[in-house]
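Quick notes on the structure that follows.
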Amino acid sequence: MATMLFYNGNCSRHGLHVTSAAETGPSMDKHTPYYELLEAIRDAGCPICRLAVRSGDRFLETYSYEHVNDIEIRELVRLAKGFCHNHTWRLFHKHSPLGTALTFYDILGEAAHQIGAARERQGLLSSLAGRVRKRLAPEGTCLGCDAQSNAEQRHLGLLVESLRNEREAQEAYGSADGLCLHHLRAALRARPSREATDILLRVQEQRIAAVREQMSEIVRKADYRVKERVTQADIDSLPAALAQVVGQEALD
Ligand SMILES: [Zn+2]
Ligand SMILES: [Zn+2]
């Protein structure tokens with residue numbers, strides 16, 4: 001059976017755990033992931049964005065306390081040349097300035113070493129620029145992004161399964177904000193049942209109509225023949241509209 005690597009906050013060693021699809025697949029047991037999903041559905045905005053960002057943050061939190069001194073995880077981070085832009089700044093601002101310093105002191109030291117090593121190999125056919133570029137290229141992915149994308153897959157599978165046969169989830173979803181368009185496309189790729197598809201699309205159409213209604217004032221005032229100015233309230237309505245398309249703002 002296929003296995004996948006994902007973040008598990010209960011792992012005492014380093015938060016990365018190999019598990020089987022059977023462990024992570026949708027289940028109708030009333031266990032924590034289901035209720036976590038239900039709670040996220042009832043909150044404002046896309047529930048998959050919320051849960052994915054939360055998983056990335058849980059990884060960074062565990063990393064801050066345990067992984068900085070974990071050789072295995074430090075090596076994965078070193079190969080990935082640190083974290084992506086988003087998770088680097090989240091680690092710094094939300095979790096651990098000290099952990100960020102320890103991590104990137106290593107990353108910068110390694111970069112300096114690789115630049116020096118590339119310089120020493122002058123005279124070969126490849127250009128210095130090409131050799132440095134190759135040595136600085138990441139050899140792995142951001143572990144925060146890995147945690148997020150694994151959470152996305154798990155929760156999308158659980159959502160699609162819940163909308164197929166769980167009355168409680170169907171009712172909660174029916175009166176919620178629905179997904180961002182990015183996660184709607186992902187949910188539709190997960191082969192939802194006809195009933196689940198109907199709920200997903202009905203909620204999406206309602207939400208798109210509501211968001212466009214909110215935005216219509218700005219669009220109206222953008223017409224040069226209209227004398228009224230765009231107000232702060234008009235601008236304040238935009239994040240909800242943008243989140244509906246591209247998902248939750250990364251740094252909130
Ligand atoms: Zn989303
Ligand atoms: Zn990342």
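Residue 225 in our numbering is what sits at position 225 of the sequence shown, and the numbering runs on without skipping anything.
Built from N, CA and C at the ideal position, the CB exists for glycine as well.
| said: Does Ala44 come out as helix, strand or coil in the three-state DSSP assignment? | reply: coil
| query | Considering only the beta carbon of each residue, do Leu76 and Leu136 sit closer than 8 angstroms? | reply | no
| query | According to DSSP, is Gln248 helix, strand or coil? | reply | coil
| request: May I ask whether a heavy atom of ligand 2 can be found less than 7 angstroms away from the beta carbon of Cys145? | output: yes
| With a CB to CB cut of under 6 angstroms and the five nearest residues on each side skipped, what residues in its chain are close to Ser237? | Gln214
| query | In this structure, does DSSP put Gly82 in helix, strand or coil? | reply | coil
| Straight-line CA distance for Asn150 to Ala52? | 8 angstroms
| query | Taking the C-alpha atoms as reference points, what is the distance between Gln170 and Ile218? | reply | 34 angstroms
| request: Run the proximity test for Cys150: is its beta-carbon closer than 7 angstroms to any non-hydrogen atom belonging to ligand 2? | output: Looking at the sequence provided, one finds Asn at residue 150 rather than Cys. No, the Cβ of Asn150 stays beyond 7 angstroms of every heavy atom of ligand 2.
| query | Is it right to say Gly99 is buried, meaning 16 or more other beta carbons lie within 10 angstroms of its own, or is it exposed? | reply | buried
| said: When you compare the CB positions of Leu60 and Leu108, do they come within less than 8 angstroms of one another, or not? | reply: no
| query | Gln153 and Leu179: beta carbons closer than 8 angstroms? | reply | no
| said: With a threshold of 8 angstroms, are at least 3 pairs of Cβ atoms found where one atom belongs to the region 34-41 and the other to the region 156-164? | reply: yes
| query | In the structure shown, what three-state DSSP assignment does Pro26 receive? | reply | Since pLDDT at Pro26 reaches only 46, below the 50 mark, its modelled position is unreliable, and the value read off the structure follows with that caveat. Note: Pro26 maps to coil in three-state DSSP.
| query | Would you say Leu182 touches ligand 1, meaning its beta carbon is less than 7 angstroms from a heavy atom? | reply | The sequence shown places His at residue 182, rather than the Leu named in the question. Yes, ligand 1 has a heavy atom inside 7 angstroms of this Cβ.
| said: Which residue marks the beginning of the alpha helix (DSSP H) containing Gln153, and which one marks its end? | reply: 143-165
| request: May I ask you to report which of helix, strand or coil DSSP gives Ile35? | output: Per the sequence shown, the amino acid found at residue 35 is Tyr instead of Ile. Of the three classes helix, strand and coil, the one that applies to Tyr35 here is helix, per DSSP.
| field | CB-CB length for Ser172 against Arg42, believed under 8 angstroms | value | The amino acid at residue 172 is misidentified as Ser; the sequence shows Ala. Contact flag correct, Cβ pair sits at about 6 angstroms.
| Do Cys49 and ligand 4 come close, with the Cβ less than 7 angstroms from some heavy atom? | Summarising the ligand content, the structure contains ligand 1 and ligand 2 and does not contain ligand 4.
| message | What I want to know is whether the C-beta of Phe92 ends up closer than 7 angstroms to one or more non-hydrogen atoms of ligand 2. | response | no
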